[in-house]
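Student:
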Amino acid sequence: MRRWMENTFRLGIKEFASLSRDVVMVVLIVYVFTFAVYSEATAMRTDVNGASVAVIDDDRSTLSGRIRDALQPPYFRAPVEVDRSQLDALMDKGAFAFILDIPRGLEADLLAGRAPTIQVNVDATGISQAGAGTAYIEEIIARETASFLKRGSETTALPVRPVIRAMFNPNLEAISFTASMGVINNVTILAIILVGAAVMREREHGTIEHLLVMPVRASEIVAAKIWANGFVVLLAAAFSLHVVVAIALGATIVGSVELFLAGTAIYLFAVTSLGIMLATVANSMPQFALLSIPVFVVMFLLSGSFTPFESMPRFLQLVMDLSPSTHYVRFAQSVLYRGADVEVVWPDLLTMVGLGVAFVGVALFRFKVMLAQQS
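Numbering (the numbering used here), first residue to last: 16 to 390.
1. Can you tell me whether Met20 is buried or exposed? The criterion is at least 16 other CB atoms within 10 Å of its CB, across all chains shown.
2. For Phe254, which residues from the same chain have a beta carbon less than 7 Å from its beta carbon, with the 5 sequence-adjacent residues on both sides left out?
3. What residue range is occupied by the uninterrupted alpha helix (DSSP H) comprising Leu86?
4. Taking only the alpha-carbon atoms, compute the straight-line gap between Leu289 and Ile281 and give it to the nearest angstrom.
5. Go through the segment 205–265 residue by residue and report every complete run of the alpha helix (DSSP H) that reaches 4 residues or more, in order.
6. Whose C-beta lies closer than 6 Å to the C-beta of Val377 among residues of the same chain, with five residues either side of it excluded?
7. Report, in whole angstroms, the separation of the C-beta atoms of Leu34 and Val247, which I expect to be a contact under 8 Å.
8. For Gly80, which of Ala139, Phe24, Ile156 has the nearest alpha-carbon?
9. In the segment 104–151, which residue ranges form an unbroken alpha helix (DSSP H) of at least 4 residues, counting only runs that do not cross its ends?
10. Could you name the residues of the same chain whose beta carbon sits closer than 8 Å to that of Thr170, not counting the 5 residues immediately before and after it, in chain order?
11. To the nearest angstrom, report how far apart Met196 and Met314 are at their CA atoms.
12. Fully enclosed by the segment 293–381, which alpha helix (DSSP H) runs are 4 residues long or longer?
13. With the cut-off set at 8 Å, would you say Met300 and Met215 are in Cβ contact?
14. Could you name the residues of the same chain whose beta carbon sits closer than 8 Å to that of Ile207, not counting the 5 residues immediately before and after it, in chain order?
15. Checking the sheet assignment: what are the DSSP bridge partners for Ile71?
16. Assuming Phe111 contacts Ser67 under a Cβ cut-off of 8 Å, what Cβ separation, rounded to an integer in Å, is found between them?
17. Check Val198 in the structure and name its three-state DSSP category.
18. For Asn200, is the classification buried or exposed, using 16 other Cβ atoms within 10 angstroms of its Cβ as the cut-off for buried?
19. Is the CB-CB distance between Leu276 and Asn244 below 8 Å?
20. Got a sec? Which residues, its chain only, sit under 7 Å from Glu30 by beta carbon, not counting five neighbours each side?
21. Where do the N-terminal and C-terminal ends of the alpha helix (DSSP H) with Met40 fall, by residue?
22. With a threshold of 16 other CB atoms inside 10 Å of the CB of Glu217, please say whether the residue is buried or exposed.
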(Lines of atoms letter the chains of each structure in order from A and count residues from 1; the text may use other names and numbers.)
(Lines give C-alpha, C1' and ligand atoms only; values in the text may rest on other atoms or scores of the structure.)
Protein backbone atom coordinates (compact mmCIF):
# COMPACT_ATOMS: atom_id res chain seq x y z
CA MET A 1 0.00 0.00 0.00
CA ARG A 2 2.84 2.37 0.83
CA ARG A 3 4.44 1.66 -2.54
CA TRP A 4 1.13 2.32 -4.26
CA MET A 5 0.73 5.69 -2.53
CA GLU A 6 4.33 6.72 -3.32
CA ASN A 7 3.91 5.88 -7.00
CA THR A 8 0.55 7.68 -7.11
CA PHE A 9 2.08 10.78 -5.53
CA ARG A 10 5.06 10.86 -7.93
CA LEU A 11 2.83 10.32 -10.95
CA GLY A 12 0.65 13.18 -9.71
CA ILE A 13 3.69 15.48 -9.56
CA LYS A 14 4.37 14.47 -13.15
CA GLU A 15 0.83 15.59 -14.00
CA PHE A 16 1.54 19.02 -12.53
CA ALA A 17 4.69 19.35 -14.62
CA SER A 18 2.87 18.25 -17.75
CA LEU A 19 0.02 20.67 -17.13
CA SER A 20 2.38 23.59 -16.48
CA ARG A 21 3.83 23.16 -19.98
CA ASP A 22 0.37 23.20 -21.57
CA VAL A 23 -0.05 26.96 -21.94
CA VAL A 24 -3.48 26.74 -23.57
CA MET A 25 -4.89 24.65 -20.73
CA VAL A 26 -3.41 26.94 -18.06
CA VAL A 27 -4.91 30.00 -19.74
CA LEU A 28 -8.25 28.21 -19.98
CA ILE A 29 -8.24 27.43 -16.25
CA VAL A 30 -7.42 31.03 -15.34
CA TYR A 31 -10.04 32.42 -17.72
CA VAL A 32 -12.85 30.08 -16.69
CA PHE A 33 -12.52 30.74 -12.96
CA THR A 34 -11.96 34.50 -13.19
CA PHE A 35 -13.27 36.49 -16.16
CA ALA A 36 -15.87 33.90 -17.18
CA VAL A 37 -17.40 33.79 -13.69
CA TYR A 38 -17.37 37.59 -13.40
CA SER A 39 -18.89 38.20 -16.84
CA GLU A 40 -21.54 35.51 -16.36
CA ALA A 41 -22.63 36.98 -13.04
CA THR A 42 -22.78 40.58 -14.28
CA ALA A 43 -24.09 40.03 -17.81
CA MET A 44 -26.49 37.09 -17.47
CA ARG A 45 -29.07 38.80 -15.26
CA THR A 46 -32.29 36.89 -14.67
CA ASP A 47 -33.93 39.73 -12.76
CA VAL A 48 -35.22 42.95 -14.31
CA ASN A 49 -32.46 45.49 -14.77
CA GLY A 50 -32.63 48.51 -17.05
CA ALA A 51 -35.64 47.27 -19.02
CA SER A 52 -36.82 49.66 -21.73
CA VAL A 53 -40.40 50.86 -21.19
CA ALA A 54 -42.74 53.20 -23.05
CA VAL A 55 -46.05 54.75 -21.99
CA ILE A 56 -49.11 55.71 -24.05
CA ASP A 57 -50.82 58.23 -21.76
CA ASP A 58 -54.22 59.25 -23.11
CA ASP A 59 -55.53 60.14 -19.65
CA ARG A 60 -53.02 62.85 -18.67
CA SER A 61 -54.21 62.64 -15.08
CA THR A 62 -52.58 62.62 -11.68
CA LEU A 63 -52.88 58.83 -11.46
CA SER A 64 -51.38 58.19 -14.88
CA GLY A 65 -48.50 60.50 -14.03
CA ARG A 66 -47.87 58.66 -10.76
CA ILE A 67 -47.78 55.30 -12.57
CA ARG A 68 -45.40 56.68 -15.20
CA ASP A 69 -43.09 58.25 -12.61
CA ALA A 70 -42.99 55.02 -10.57
CA LEU A 71 -41.20 53.20 -13.40
CA GLN A 72 -37.72 54.02 -12.17
CA PRO A 73 -34.16 52.67 -12.33
CA PRO A 74 -32.56 50.27 -11.71
CA TYR A 75 -35.45 48.04 -12.79
CA PHE A 76 -36.60 50.22 -15.69
CA ARG A 77 -35.10 52.93 -17.81
CA ALA A 78 -36.76 56.33 -17.85
CA PRO A 79 -40.14 55.78 -19.58
CA VAL A 80 -40.61 57.23 -23.05
CA GLU A 81 -43.98 58.60 -24.14
CA VAL A 82 -45.13 57.30 -27.52
CA ASP A 83 -48.24 57.58 -29.65
CA ARG A 84 -50.73 54.73 -29.91
CA SER A 85 -50.29 54.61 -33.68
CA GLN A 86 -46.67 53.57 -33.12
CA LEU A 87 -47.48 50.66 -30.81
CA ASP A 88 -47.41 47.76 -33.27
CA ALA A 89 -44.36 49.03 -35.14
CA LEU A 90 -42.37 49.57 -31.93
CA MET A 91 -43.22 46.08 -30.65
CA ASP A 92 -42.32 44.51 -34.01
CA LYS A 93 -38.92 46.22 -33.96
CA GLY A 94 -38.29 45.23 -30.34
CA ALA A 95 -37.74 48.88 -29.43
CA PHE A 96 -39.23 48.43 -25.96
CA ALA A 97 -39.62 45.48 -23.62
CA PHE A 98 -42.84 46.92 -22.14
CA ILE A 99 -45.39 49.44 -23.42
CA LEU A 100 -48.14 50.60 -21.06
CA ASP A 101 -51.36 51.75 -22.73
CA ILE A 102 -53.21 54.02 -20.28
CA PRO A 103 -56.72 54.75 -21.62
CA ARG A 104 -58.55 58.05 -21.53
CA GLY A 105 -60.74 58.47 -18.46
CA LEU A 106 -58.72 56.10 -16.25
CA GLU A 107 -58.79 58.34 -13.18
CA ALA A 108 -62.43 59.39 -13.65
CA ASP A 109 -63.60 55.79 -14.06
CA LEU A 110 -61.68 54.75 -10.96
CA LEU A 111 -63.15 57.50 -8.83
CA ALA A 112 -66.64 56.63 -10.14
CA GLY A 113 -66.26 53.08 -8.88
CA ARG A 114 -65.84 51.51 -12.29
CA ALA A 115 -63.04 49.03 -13.12
CA PRO A 116 -60.84 50.51 -15.86
CA THR A 117 -58.05 48.50 -17.45
CA ILE A 118 -54.46 49.32 -18.35
CA GLN A 119 -53.02 47.31 -21.20
CA VAL A 120 -49.42 46.14 -20.76
CA ASN A 121 -47.78 45.03 -24.00
CA VAL A 122 -44.81 42.76 -23.37
CA ASP A 123 -42.02 41.60 -25.65
CA ALA A 124 -41.83 38.01 -24.41
CA THR A 125 -38.83 37.03 -26.51
CA GLY A 126 -36.79 37.78 -23.39
CA ILE A 127 -38.75 35.30 -21.32
CA SER A 128 -37.15 35.78 -17.90
CA GLN A 129 -37.29 39.58 -18.07
CA ALA A 130 -40.83 39.46 -19.46
CA GLY A 131 -42.17 37.38 -16.59
CA ALA A 132 -40.46 39.25 -13.77
CA GLY A 133 -40.98 42.68 -15.38
CA THR A 134 -44.71 42.09 -15.84
CA ALA A 135 -45.00 41.21 -12.17
CA TYR A 136 -43.11 44.39 -11.23
CA ILE A 137 -45.39 46.56 -13.39
CA GLU A 138 -48.52 44.92 -11.95
CA GLU A 139 -47.26 45.64 -8.45
CA ILE A 140 -46.44 49.25 -9.35
CA ILE A 141 -49.90 49.86 -10.83
CA ALA A 142 -51.63 48.26 -7.83
CA ARG A 143 -49.52 50.20 -5.34
CA GLU A 144 -49.95 53.57 -7.01
CA THR A 145 -53.69 53.02 -7.49
CA ALA A 146 -54.18 52.05 -3.84
CA SER A 147 -52.11 55.02 -2.71
CA PHE A 148 -54.08 57.36 -4.96
CA LEU A 149 -57.36 56.15 -3.47
CA LYS A 150 -55.91 56.48 0.05
CA ARG A 151 -56.40 52.76 0.66
CA GLY A 152 -52.80 52.18 1.65
CA SER A 153 -53.29 53.66 5.12
CA GLU A 154 -53.59 51.52 8.23
CA THR A 155 -57.16 52.66 8.86
CA THR A 156 -58.53 51.36 5.56
CA ALA A 157 -56.24 48.38 5.06
CA LEU A 158 -57.72 45.12 3.83
CA PRO A 159 -58.53 42.59 6.58
CA VAL A 160 -55.87 40.20 5.26
CA ARG A 161 -52.47 41.54 4.26
CA PRO A 162 -49.67 39.17 3.17
CA VAL A 163 -46.20 39.71 4.60
CA ILE A 164 -43.50 38.34 2.28
CA ARG A 165 -40.13 37.25 3.65
CA ALA A 166 -37.49 36.44 1.05
CA MET A 167 -35.14 33.99 2.73
CA PHE A 168 -31.43 33.56 1.89
CA ASN A 169 -31.54 36.33 -0.75
CA PRO A 170 -33.64 39.14 0.75
CA ASN A 171 -32.88 41.64 -2.01
CA LEU A 172 -33.73 39.08 -4.72
CA GLU A 173 -30.47 39.85 -6.50
CA ALA A 174 -29.64 37.46 -9.32
CA ILE A 175 -25.90 38.11 -8.99
CA SER A 176 -25.83 36.27 -5.66
CA PHE A 177 -27.09 33.19 -7.47
CA THR A 178 -25.33 33.35 -10.83
CA ALA A 179 -21.89 34.08 -9.37
CA SER A 180 -21.72 30.93 -7.26
CA MET A 181 -23.46 28.81 -9.90
CA GLY A 182 -20.85 29.93 -12.41
CA VAL A 183 -18.14 28.46 -10.20
CA ILE A 184 -20.15 25.26 -9.65
CA ASN A 185 -20.79 24.70 -13.36
CA ASN A 186 -17.19 25.47 -14.31
CA VAL A 187 -15.96 22.86 -11.84
CA THR A 188 -17.86 20.24 -13.84
CA ILE A 189 -16.62 21.43 -17.22
CA LEU A 190 -12.96 21.89 -16.25
CA ALA A 191 -12.74 18.63 -14.32
CA ILE A 192 -13.86 16.60 -17.33
CA ILE A 193 -11.78 18.55 -19.84
CA LEU A 194 -8.63 18.67 -17.71
CA VAL A 195 -8.38 15.00 -16.79
CA GLY A 196 -9.53 13.89 -20.24
CA ALA A 197 -6.94 16.11 -21.90
CA ALA A 198 -4.28 14.62 -19.61
CA VAL A 199 -5.10 11.11 -20.85
CA MET A 200 -5.30 12.18 -24.49
CA ARG A 201 -2.02 14.08 -24.16
CA GLU A 202 -0.29 10.91 -22.96
CA ARG A 203 -1.64 8.96 -25.93
CA GLU A 204 -0.93 11.57 -28.62
CA HIS A 205 2.61 12.34 -27.36
CA GLY A 206 3.47 8.67 -26.98
CA THR A 207 4.32 8.91 -23.27
CA ILE A 208 1.73 6.26 -22.48
CA GLU A 209 4.23 3.71 -23.85
CA HIS A 210 6.82 4.96 -21.36
CA LEU A 211 4.39 4.31 -18.52
CA LEU A 212 3.81 0.77 -19.77
CA VAL A 213 7.46 -0.18 -19.27
CA MET A 214 7.62 1.36 -15.78
CA PRO A 215 6.84 -0.64 -12.62
CA VAL A 216 3.50 1.10 -12.09
CA ARG A 217 0.00 -0.24 -12.17
CA ALA A 218 -3.03 1.10 -14.04
CA SER A 219 -4.73 1.96 -10.74
CA GLU A 220 -1.76 4.15 -9.79
CA ILE A 221 -1.89 6.03 -13.10
CA VAL A 222 -5.65 6.59 -12.82
CA ALA A 223 -5.45 7.68 -9.18
CA ALA A 224 -2.63 10.10 -9.97
CA LYS A 225 -4.59 11.77 -12.74
CA ILE A 226 -7.65 12.02 -10.50
CA TRP A 227 -5.95 13.61 -7.49
CA ALA A 228 -3.60 15.90 -9.43
CA ASN A 229 -6.12 17.34 -11.87
CA GLY A 230 -8.83 17.42 -9.21
CA PHE A 231 -6.50 19.34 -6.91
CA VAL A 232 -5.87 21.97 -9.59
CA VAL A 233 -9.62 22.47 -10.14
CA LEU A 234 -10.22 22.60 -6.38
CA LEU A 235 -7.60 25.34 -5.92
CA ALA A 236 -9.03 27.30 -8.84
CA ALA A 237 -12.57 27.00 -7.42
CA ALA A 238 -11.40 28.16 -3.97
CA PHE A 239 -9.64 31.17 -5.51
CA SER A 240 -12.67 32.04 -7.63
CA LEU A 241 -15.04 31.79 -4.68
CA HIS A 242 -12.93 33.94 -2.38
CA VAL A 243 -11.57 36.53 -4.84
CA VAL A 244 -14.02 36.76 -7.76
CA VAL A 245 -17.34 35.98 -6.07
CA ALA A 246 -16.82 37.41 -2.58
CA ILE A 247 -14.49 40.35 -3.31
CA ALA A 248 -14.86 41.40 -6.96
CA LEU A 249 -18.61 40.78 -7.20
CA GLY A 250 -19.43 41.42 -3.55
CA ALA A 251 -21.79 38.43 -3.40
CA THR A 252 -22.64 37.12 0.05
CA ILE A 253 -21.57 33.58 0.90
CA VAL A 254 -23.75 32.42 3.77
CA GLY A 255 -22.43 28.95 4.50
CA SER A 256 -19.10 27.32 5.25
CA VAL A 257 -16.61 27.61 2.42
CA GLU A 258 -14.56 24.81 3.99
CA LEU A 259 -17.55 22.43 3.86
CA PHE A 260 -18.22 23.46 0.26
CA LEU A 261 -14.62 22.73 -0.75
CA ALA A 262 -14.71 19.37 1.04
CA GLY A 263 -17.85 18.43 -0.89
CA THR A 264 -16.25 19.73 -4.09
CA ALA A 265 -13.29 17.41 -3.52
CA ILE A 266 -15.70 14.45 -3.27
CA TYR A 267 -17.49 15.59 -6.41
CA LEU A 268 -14.19 15.96 -8.26
CA PHE A 269 -13.38 12.36 -7.41
CA ALA A 270 -16.55 11.32 -9.24
CA VAL A 271 -16.44 13.69 -12.19
CA THR A 272 -12.72 13.24 -12.97
CA SER A 273 -13.34 9.49 -13.04
CA LEU A 274 -16.05 10.17 -15.59
CA GLY A 275 -13.57 12.26 -17.60
CA ILE A 276 -11.06 9.41 -17.68
CA MET A 277 -13.79 7.01 -18.78
CA LEU A 278 -14.73 9.31 -21.67
CA ALA A 279 -11.07 9.74 -22.65
CA THR A 280 -10.60 5.97 -22.92
CA VAL A 281 -13.49 5.80 -25.39
CA ALA A 282 -12.15 8.53 -27.71
CA ASN A 283 -9.16 8.01 -29.99
CA SER A 284 -8.09 11.64 -30.35
CA MET A 285 -8.50 15.01 -28.68
CA PRO A 286 -11.14 16.25 -31.17
CA GLN A 287 -13.14 13.07 -30.58
CA PHE A 288 -12.89 13.54 -26.82
CA ALA A 289 -14.08 17.15 -27.14
CA LEU A 290 -17.10 16.14 -29.23
CA LEU A 291 -17.90 13.32 -26.81
CA SER A 292 -17.56 15.39 -23.63
CA ILE A 293 -19.52 18.46 -24.76
CA PRO A 294 -22.99 16.83 -24.71
CA VAL A 295 -22.11 15.05 -21.45
CA PHE A 296 -21.28 18.11 -19.37
CA VAL A 297 -23.92 20.25 -21.07
CA VAL A 298 -26.60 17.79 -20.00
CA MET A 299 -25.01 17.48 -16.57
CA PHE A 300 -25.32 21.15 -15.67
CA LEU A 301 -28.45 21.99 -17.66
CA LEU A 302 -30.50 19.24 -16.03
CA SER A 303 -28.87 19.26 -12.60
CA GLY A 304 -30.98 22.07 -11.17
CA SER A 305 -28.43 24.83 -11.64
CA PHE A 306 -30.49 26.70 -14.24
CA THR A 307 -34.02 25.35 -13.84
CA PRO A 308 -35.77 23.94 -10.76
CA PHE A 309 -35.12 20.22 -10.51
CA GLU A 310 -38.69 19.62 -9.31
CA SER A 311 -40.15 21.08 -12.52
CA MET A 312 -38.57 18.34 -14.65
CA PRO A 313 -40.55 15.22 -15.63
CA ARG A 314 -40.41 12.52 -12.98
CA PHE A 315 -38.66 10.04 -15.29
CA LEU A 316 -35.95 12.58 -16.08
CA GLN A 317 -35.49 13.29 -12.38
CA LEU A 318 -34.85 9.60 -11.75
CA VAL A 319 -32.30 9.50 -14.58
CA MET A 320 -30.49 12.63 -13.38
CA ASP A 321 -30.28 11.20 -9.86
CA LEU A 322 -27.59 8.96 -11.36
CA SER A 323 -25.51 12.03 -12.21
CA PRO A 324 -23.16 13.35 -9.52
CA SER A 325 -23.78 16.90 -10.76
CA THR A 326 -27.39 16.77 -9.51
CA HIS A 327 -26.30 15.98 -5.98
CA TYR A 328 -23.42 18.44 -6.15
CA VAL A 329 -25.66 21.33 -7.17
CA ARG A 330 -28.12 20.43 -4.41
CA PHE A 331 -25.27 20.22 -1.91
CA ALA A 332 -23.63 23.48 -3.06
CA GLN A 333 -26.87 25.46 -3.00
CA SER A 334 -27.67 24.18 0.49
CA VAL A 335 -24.24 25.14 1.82
CA LEU A 336 -23.54 28.42 -0.01
CA TYR A 337 -27.06 29.88 -0.01
CA ARG A 338 -28.78 28.42 3.06
CA GLY A 339 -25.81 27.82 5.35
CA ALA A 340 -26.55 24.11 5.75
CA ASP A 341 -24.21 21.90 7.75
CA VAL A 342 -23.16 18.26 7.37
CA GLU A 343 -26.32 16.98 9.05
CA VAL A 344 -28.35 18.37 6.15
CA VAL A 345 -26.14 17.56 3.15
CA TRP A 346 -24.69 14.17 4.13
CA PRO A 347 -27.09 12.19 1.87
CA ASP A 348 -25.84 14.05 -1.21
CA LEU A 349 -22.21 13.65 -0.10
CA LEU A 350 -22.71 9.92 0.41
CA THR A 351 -24.39 9.57 -2.98
CA MET A 352 -21.49 11.39 -4.69
CA VAL A 353 -19.05 8.99 -3.01
CA GLY A 354 -21.05 6.01 -4.26
CA LEU A 355 -21.27 7.33 -7.80
CA GLY A 356 -17.57 8.18 -7.71
CA VAL A 357 -16.66 4.61 -6.73
CA ALA A 358 -18.82 3.29 -9.58
CA PHE A 359 -17.31 5.68 -12.11
CA VAL A 360 -13.73 5.02 -11.03
CA GLY A 361 -14.35 1.27 -11.32
CA VAL A 362 -15.56 1.63 -14.90
CA ALA A 363 -12.80 4.14 -15.70
CA LEU A 364 -10.12 1.76 -14.36
CA PHE A 365 -11.52 -1.11 -16.39
CA ARG A 366 -11.61 0.98 -19.55
CA PHE A 367 -8.11 2.33 -18.84
CA LYS A 368 -6.73 -1.21 -18.55
CA VAL A 369 -8.36 -2.08 -21.87
CA MET A 370 -6.79 0.99 -23.44
CA LEU A 371 -3.35 0.07 -22.09
CA ALA A 372 -3.74 -3.47 -23.43
CA GLN A 373 -4.54 -2.07 -26.87
CA GLN A 374 -1.51 0.25 -26.72
CA SER A 375 0.92 -2.53 -25.79
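By construction, the Cβ of each residue, glycine as well, lies at the ideal position given by its N, Cα and C atoms.
Tutor: Well, looking at it:
1. Position 5 of the sequence shown holds residue 20. Looking at its Cβ environment, which holds fewer than 16 other Cβ atoms inside 10 Å, Met20 is exposed.
2. Walking along the sequence shown from the start, residue 254 turns up at place 239. Counting only Cβ-Cβ distances below 7 Å, and skipping sequence neighbours, we find Phe48.
3. Taking the sequence shown and counting its residues from 1, one reaches residue 86 at position 71. Note, Leu86: premise wrong, no alpha helix (DSSP H); not H, not E.
4. The residue you call residue 289 lines up with position 274 of the sequence shown. The residue you call residue 281 lines up with position 266 of the sequence shown. Leu289 and Ile281: Cα-Cα distance of roughly 13 Å.
5. Runs of the alpha helix (DSSP H) lying entirely within the segment 205–265 and spanning at least 4 residues, in chain order: 222–227, 233–254.
6. Within the sequence shown, the letter at position 362 stands for residue 377. Contacts found: Met292.
7. Here residue 34 is taken as the residue at index 19 of the sequence shown, counted from 1. Here residue 247 is taken as the residue at index 232 of the sequence shown, counted from 1. Between Val247 and Leu34 the Cβ distance is about 7 Å, and since that is below 8 Å, they are a contact.
8. Here residue 80 is taken as the residue at index 65 of the sequence shown, counted from 1. Gly80 has its Cα closest to that of Ile156, out of Ala139, Phe24, Ile156.
9. Qualifying alpha helix (DSSP H) stretches, in chain order: 121–126.
10. Walking along the sequence shown from the start, residue 170 turns up at place 155. Because the pLDDT of Thr170 is 46, which lies under 50, any placement of that residue in the model is unreliable, and the question is left without a value.
11. Your numbering for residue 196 matches position 181 in the sequence shown. Your numbering for residue 314 matches position 299 in the sequence shown. Distance from the CA of Met196 to the CA of Met314, rounded to the nearest whole angstrom, comes to 13 Å.
12. Taking only runs of at least 4 residues, the alpha helix (DSSP H) segments lying wholly in the segment 293–381 are 300–316, 329–335, 339–353.
13. Mapped onto the sequence shown, residue 300 falls at position 285. Mapped onto the sequence shown, residue 215 falls at position 200. One thing to note: Met300 has its Cβ within 8 Å of the Cβ of Met215.
14. Taking the first residue of the sequence shown as 1, we reach residue 207 at position 192. Only residues of its own chain outside the window of five on either side were considered, and among them Val286, Thr287, Leu289, Gly290, Leu293, Ser307, Val310, Phe311 have a CB closer than 8 Å to the CB of Ile207, listed in chain order.
15. Start at 1 with the first residue of the sequence shown, and residue 71 comes out as number 56. Beta-bridge partners of Ile71 (DSSP): Asp116.
16. Within the sequence shown, residue 111 is the residue found at index 96, counting from 1. Within the sequence shown, residue 67 is the residue found at index 52, counting from 1. Yes, they are in contact, since the Cβ atoms of Phe111 and Ser67 sit about 5 Å apart, within 8 Å.
17. If you number the sequence shown from 1, residue 198 lands on position 183. It is helical.
18. Here residue 200 refers to the residue found at position 185 of the sequence shown. Burial state of Asn200 is buried, judged by a 10 Å Cβ sphere holding 16 or more other Cβ atoms.
19. Sequence index remark: in the sequence shown, residue 276 carries index 261 (1-based). Sequence index remark: in the sequence shown, residue 244 carries index 229 (1-based). Not in contact: Leu276 and Asn244 (Cβ atoms no closer than 8 Å).
20. Sequence index remark: in the sequence shown, residue 30 carries index 15 (1-based). The answer, listed in chain order, is Ala213, Ala239, Lys240, Ala243, Asn244.
21. Here residue 40 corresponds to residue number 25 of the sequence shown, with the count starting at 1. Element bounds for Met40: 38–47.
22. As a first step, residue 217 is located in the sequence shown; it is residue number 202 there, counting from the start. By the C-beta density criterion, Glu217 is buried, having at least 16 other C-beta atoms within 10 angstroms.
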